[in-house]
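Have a look at the structure below, then the notes.
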Ligand code: 5AD
Ligand code: SF4
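Numbering (this note's numbering), first residue to last: 1 to 435.
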């Protein structure tokens with residue numbers, strides 16, 4: 001019997017890359033590759049990359065540099081770059097780093113087995129097309145192995161919004177939705193293998209149109225699958241939160257009370273310059289409507305500080321908006337100019353100013369996050385257990401609101417969903433007892 005070849009995949013960036021990496025590993029499984037946890041013994045290394053900010057992109061080149069010794073020791077080692085850096089600068093990667101055998105953009109993963117086979121014969125391969133066919137359909141069916149209790153499922157890719165700072169419309173292309181029946185088949189299969197919570201993924205997931213009633217229609221059909229206990233989705237644009245989706249937050253029990261709804265900034269002048277197509281007041285009104293149907297909804301957001309031309313007054317408007325919303329969690333970033341995007345050409349805010357604003361913003365968001373977490377103490381929440389904790393007899397899971405919860409309990413297994421009374425709130429997680 002031939003030895004299986006070893007595949008090391010390193011994933012950067014968003015959850016869609018996590019999902020894509022899983023699918024690539026499965027596709028290469030069909031060619032006899034098994035995954036390994038370290039690059040040291042790999043026959044193939046695949047970096048699934050992120051291009052969203054400069055730092056993310058630069059990491060790829062420093063990581064590749066580290067593989068020089070490995071390649072010298074094992075000339076047959078194949079090195080591939082996938083993901084959004086591959087899409088954006090494929091040729092540049094091959095030029096800058098001759099170690100690389102294979103470059104494959106996010107829309108071409110179904111061609112990976114063929115590309116790998118050719119690279120195996122010594123050819124340098126580059127594929128950054130946007131083909132017509134659905135890559136997920138052409139990737140092999142997901143293997144039948146048992147799975148953990150939570151899974152990601154990509155239902156939509158690409159973006160037509162063209163926010164002035166963002167590379168996604170260029171790296172991931174136009175909005176495309178997978179048909180609902182295929183998503184439902186994949187979801188049923190995941191549930192059969194032990195998955196109890198599915199997070200639907202898309203760069204603009206609420207712009208999903210693979211179902212006649214949009215994302216809400218898909219969620220309602222998923223909710224009918226026995227054994228599936230929880231549904232989440234990420235990430236959304238405020239302008240695509242339609243009536244049906246708002247209503248689903250009110251009356252679909254399986255849809256969890258947590259919503260990631262990025263606003264990026266709180267100043268109307270900056271929102272306009274960002275091409276976000278809505279005002280701060282419209283965003284706040286939307287949140288009010290969501291809270292009217294689901295009062296305990298936790299909101300999460302993304303924020304950019306130091307967008308070109310942002311003044312102290314603009315920045316204060318962002319702090320005011322955050323004060324008005326009260327976020328349960330948030331991600332915040334210093335603006336990073338991305339080649340080819342409109343904002344990269346504009347007057348930049350000095351780095352020290354960005355640092356200062358980021359600190360102030362994160363201090364406020366940190367306080368809010370902690371206050372909402374502390375407010376869970378004394379409440380009873382659903383917890384889906386995922387794994388054993390560090391202490392003997394302890395299990396860890398996620399609450400409906402996506403808080404990590406530690407519970408000392410006997411007889412609870414990963415995949416169990418139990419009611420838990422929260423008794424304490426630590427720096428990053430809650431402690432509870434079975435109710
Ligand atoms: N600079 C900083 N942050 C960015 N994001 C997207 N593009 C940039 C950029 N050029 C952030 C946005 C987005 C999140 C995924 O990354 O907040 O919502
Ligand atoms: Fe980027 Fe999101 Fe704006 Fe699309 S909506 S351009 S993915 S930030």
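Glycine residues also receive a C-beta, built at the ideal position from the N, C-alpha and C atoms.
Item checked: Three-state class that DSSP yields for residue 127 in the structure shown -> strand
Check: Going straight from the alpha carbon of residue 34 to that of residue 4, what length do you get?
Finding: 6 Å
Item checked: residue 170 - containing beta strand (DSSP E), residue span -> First-last for residue 170: 168 to 171, but that is the alpha helix (DSSP H), not the beta strand (DSSP E).
Next item on the list: Within 10 angstroms of the Cβ of residue 359, are there 16 or more other Cβ atoms? Answer buried if so, exposed if not.
Entry: exposed
Check: Can residue 318 be considered in contact with ligand 1, in the sense that its beta carbon sits closer than 8 Å to one or more heavy atoms?
Finding: no
Notebook entry, point to check: My guess is that residue 203 and residue 168 are in contact by the Cβ rule of under 8 Å, so how many angstroms apart are they, rounded?
Noted result: 5 Å
Margin query: As a quick exercise: from 336, 278, 370, 430, pick the residue whose alpha carbon is nearest that of residue 354.
Written below: 336
Next item on the list: Would you please state the rounded distance, in angstroms, between the beta carbons of residue 249 and residue 293? I believe it to be under 8 Å.
Entry: 6 Å
Item checked: Those residues, in chain order, that have a beta-carbon closer than 7 Å to some heavy atom of ligand 1 -> 14, 52, 53, 165, 166, 167, 235, 262, 264, 302, 303, 304, 331, 333, 334, 335, 336, 337, 338, 341
Item checked: Candidates 247, 184, 234: closest to residue 218 by CA position -> 184
Item checked: For residue 282 and residue 264, the rounded distance between their alpha carbons -> 14 Å
Item checked: 7 Å Cβ shell around residue 342 - same chain, five flanking residues per side excluded -> 164
Notebook entry, point to check: Taking the continuous beta strand (DSSP E) assigned at residue 283, which residues delimit it?
Noted result: Residue 283 -> not in any beta strand (DSSP E); alpha helix (DSSP H) instead, spanning 280 to 293.
Next item on the list: Specify, as a first and last residue, the run of the beta strand (DSSP E) that residue 330 falls within.
Entry: 329 to 334
Next item on the list: Assign residue 58 to one of two classes, buried (16 or more other C-beta atoms within 10 Å of its C-beta) or exposed (fewer than that).
Entry: exposed
Checklist line | Close beta carbons around residue 475, own chain, < 7 Å, minus the five adjacent residues each side | finding: Residue numbering for the chain in the displayed model covers 1 to 435; residue 475 lies beyond these limits and cannot be assessed.
Check: Quick one: is the Cβ of residue 162 within less than 8 Å of any heavy atom of ligand 2?
Finding: yes
Checklist line | Exposure label - residue 199; buried when at least 16 CB within 10 Å | finding: buried
Item checked: Where residue 387 falls: helix, strand or coil (DSSP) -> strand
Next item on the list: Figure out for me which residue from 278, 391, 411, 416 has the closest Cα to the Cα of residue 397.
Entry: 416
Check: Is the stretch 358 to 376 touching the stretch 387 to 394, taking contact as three or more C-beta pairs under 8 Å?
Finding: no
Item checked: Where residue 257 falls, given that 16 or more other Cβ within 10 Å makes a residue buried -> buried
Next item on the list: Compare the beta carbon distance of residue 8 and residue 36 with 9 Å and say whether it is the shorter of the two.
Entry: yes
Margin query: Pairs of beta-carbons, one from the stretch 418 to 429 and one from the stretch 223 to 230, closer than 8 Å: are there three or more?
Written below: no
Next item on the list: Could you name the residues of the same chain whose beta carbon sits closer than 6 Å to that of residue 348, not counting the 5 residues immediately before and after it, in chain order?
Entry: 308
Check: Is the stretch 91 to 105 touching the stretch 120 to 140 in the sense that three or more CB pairs, one from each, lie closer than 8 Å?
Finding: yes
Next item on the list: Mark residue 334 as exposed unless 16 or more other C-beta atoms lie within 10 angstroms of its C-beta, in which case mark it buried.
Entry: buried
Notebook entry, point to check: Who are the Cβ neighbours of residue 97 in its own chain at under 7 Å, not counting the five residues just before and after it?
Noted result: 61, 64
Notebook entry, point to check: To which residues does DSSP link residue 395 through a beta bridge?
Noted result: 388, 407
Item checked: Proximity of residue 437 and residue 88 at Cβ, strictly below 9 Å -> Nothing in the structure corresponds to residue 437, since the chain is present only between 1 and 435.
Note to self: Below 8 Å on the Cβ atoms is my contact criterion, and I expect residue 380 with residue 346 to pass it. Report the Cβ-Cβ distance as a whole number of Å.
What the structure shows: Going by Cβ atoms, the distance from residue 380 to residue 346 rounds to 50 Å, so no, they are not a contact pair.
Checklist line | Those runs of the beta strand (DSSP E) which lie wholly inside the stretch 140 to 164 and span at least 3 residues | finding: 150 to 154
Item checked: C-beta contact flag for residue 12 and residue 56 at 9 Å -> yes
Notebook entry, point to check: Are the CB atoms of residue 266 and residue 322 nearer to each other than 9 Å?
Noted result: yes
Note to self: Between which residues of its own chain and residue 357 is the CB-CB distance below 7 Å, once the five residues before and five after are set aside?
What the structure shows: 305, 306, 315
Next item on the list: With a threshold of 8 Å, establish whether the CB of residue 206 neighbours any heavy atom of ligand 2.
Entry: no
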